Amino acid sequence: MKPLKDKQEETQPEERRPRNTQRADIIPTAGFAMVVDGKLKANFADEEVAKAAGAELLVRFPILRVEVYNAETRVRTKVDAMR
Numbered sequence: 006m007k008p009l010k011d012k013q014e015e016t017q018p019e020e021r022r023p024r025n026t027q028r029a030d031i032i033p034t035a036g037f038a039m040v041v042d043g044k045l046k047a048n049f050a051d052e053e054v055a056k057a058a059g060a061e062l063l064v065r066f067p068i069l070r071v072e073v074y075n076a077e078t079r080v081r082t083k084v085d086a087m088r
């Protein structure tokens, strides 16, 4: 019978990287967010970058409803696909 190895030792790296995760269920208070089918997906500092990312997504998946959410004014703007 083989001895059991300590799983903690195997799975943890020597240095831990800080996690920069963003929760999708919290509405941002600054910047812009891409909303896909009513769900927050990504945050951006610039509105034009957010619109470009949304338009690129619509080119690949035209059935989606993509909007850009402005956190300061709390307004959603529909994104049209680039051609």
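Residue numbers (the working numbering): 6 to 88.
Using N, Cα and C, we set each Cβ at its ideal position, and we do this for glycine too.
Owing to the predicted nature of the structure, the values given are computational and were not obtained by experimental measurement.
Alpha-carbon spacing of residue i relative to residue j, whole angstroms
| i | j | result |
| --- | --- | --- |
| V64 | R81 | 20 Å |
| N75 | A47 | 12 Å |
| I32 | V84 | 19 Å |
| A57 | E20 | 36 Å |
| E61 | M87 | 7 Å |
Cross-strand partners of residue i (DSSP beta bridge)
| i | result |
| --- | --- |
| M39 | A47, V73 |
Three-state secondary structure (DSSP) of residue i
| i | result |
| --- | --- |
| A84 | In the sequence as presented, Ala is not what sits at residue 84; that position holds Val. Here V84 sits in coil by DSSP. |
| E61 | helix |
| E20 | coil |
Beta-carbon gap between residue i and residue j smaller than 7 Å
| i | j | result |
| --- | --- | --- |
| G36 | A50 | yes |
| V40 | E77 | no |
| A38 | L45 | yes |
| D42 | R70 | yes |
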